[in-house]
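Heads up: the sequence shown begins at 30 in my numbering, then just goes up one per residue.
What follows is a set of notes on a single structure, which appears directly below.
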Amino acid sequence: MSPSEESIEGPLDGAELAAVAEAAGARLRGNADEDEEATRVAAGRLLHAATAAMGAGYSLSQIATAEARGQDDVRRELRGEALRRVERSGRHARDAEADHHRAIARAVRLGLSTREIAAAAGVTHGTVRTISNRYAEPQAVDDAATDEPPEIADVSPARGEAPPVDR
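Laid out in structure tokens, this is it:
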């Protein structure tokens, strides 16, 4: 059994059904690639192929099966490339967001107004404060990366002061 027969059962008999499958696959490919012209041409081919298949005596069920098989074949063919694109664009989006946050934190360290930064960044001033708090102190980031709890100064009630902390 071929891979295409695993998801859509039944043989594709005849040139008419093969044309339906091919046109349906081409329409899906054009749609996925946002190619309006290719999608329009493929839709016309699909209509013509389906009409020819009906004229040749194939049932609507057989024509629908051929259409689904053509779409499945294109999905299977393009799956790996599409998922690699999604992974790559996700990585770029995460990198861009981190770069954006660093730029916001830098603007805060320069002493620019939170509202001014927010307007430039297209976010709320609360978001700017949250981002700047995350990037506020390199020591805070280092402490958060360890499993050890942060040091808490022991305040002696008798003296009212904290003992020196060795760093």
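All C-beta atoms in this analysis are idealised placements derived from N, C-alpha and C, irrespective of residue type, glycine included.
In three-state terms, what does DSSP make of residue i?
i: Glu63; result: coil
i: Ala81; result: helix
i: Gly151; result: coil
i: Gly54; result: helix
i: Gly73; result: helix
i: Gly86; result: coil
i: Asp172; result: With a pLDDT of 48 at Asp172, under the threshold of 50, the predicted position of this residue should be treated as unreliable, and no value is reported.
i: Val184; result: Confidence is the limiting factor: at Val184 the pLDDT is only 41, short of 50, which leaves the residue's position unreliable, though a coordinate-based value still follows. Of the three classes helix, strand and coil, the one that applies to Val184 here is coil, per DSSP.
For the alpha helix (DSSP H) holding residue i, just list the boundary residues, first then last.
i: Ser142; result: It is not in any alpha helix (DSSP H) - Ser142 carries neither H nor E in the DSSP assignment.
i: Thr94; result: 89 to 138
i: Gly155; result: 154 to 163
Counting only the same chain and skipping the five closest in sequence on each side, list residues whose C-beta sits under 8 Å from that of residue i.
i: Asn60; result: Thr68
i: Ile92; result: Leu46, Val49, Ala79, Ala82, Met83
i: Ala169; result: Bear in mind that the predicted position of Ala169 carries a pLDDT of just 47, short of 50, making it unreliable; the figure below should be weighed with that in mind. Counting only Cβ-Cβ distances below 8 Å, and skipping sequence neighbours, we find nothing.
i: Ala111; result: Ala61
Taking 7 Å as the cut-off, is the C-beta of residue i nearer than that to any heavy atom in the ligand NAD?
i: Ala44; result: The ligand content of the structure shown is nil, which means the ligand NAD is not present either.
Quick one: residues in its chain with C-beta nearer than 6 Å to the C-beta of residue i, no 5 flanking neighbours on either side, listed in chain order?
i: Tyr164; result: Ala134
i: Asp128; result: none
i: Ala173; result: Low per-residue confidence applies at Ala173: pLDDT is 48, beneath 50, and the placement is therefore not dependable, though the value from the model is reported in the following sentence. So no residue of the chain qualifies.
Taking 7 Å as the limit between beta carbons, can you name the residues of its chain near residue i, skipping five residues before and five after?
i: Ala78; result: Glu45, Ala48, Val49, Ala52
Please report the Cβ distance between residue i and residue j, rounded to the nearest whole angstrom; I am assuming they are in contact, meaning their Cβ atoms lie under 8 Å.
i: Gly54; j: Gly109; result: Actually they do not touch by this definition, with Cβ atoms about 16 Å apart.
i: His121; j: Ile160; result: Actually they are not in contact, since the Cβ atoms of His121 and Ile160 sit about 19 Å apart, beyond 8 Å.
i: Ala149; j: Thr156; result: Actually they are not in contact, since the Cβ atoms of Ala149 and Thr156 sit about 12 Å apart, beyond 8 Å.
i: His154; j: Arg138; result: Between Arg138 and His154 the Cβ distance is about 16 Å, and since that is not below 8 Å, they are no contact.
i: Val115; j: Leu57; result: With a Cβ gap of about 17 Å, Val115 and Leu57 do not count as contacting.
i: Gly43; j: Ala72; result: With 8 Å as the limit, Gly43 and Ala72 do not qualify as a contact, their Cβ atoms being about 21 Å apart.
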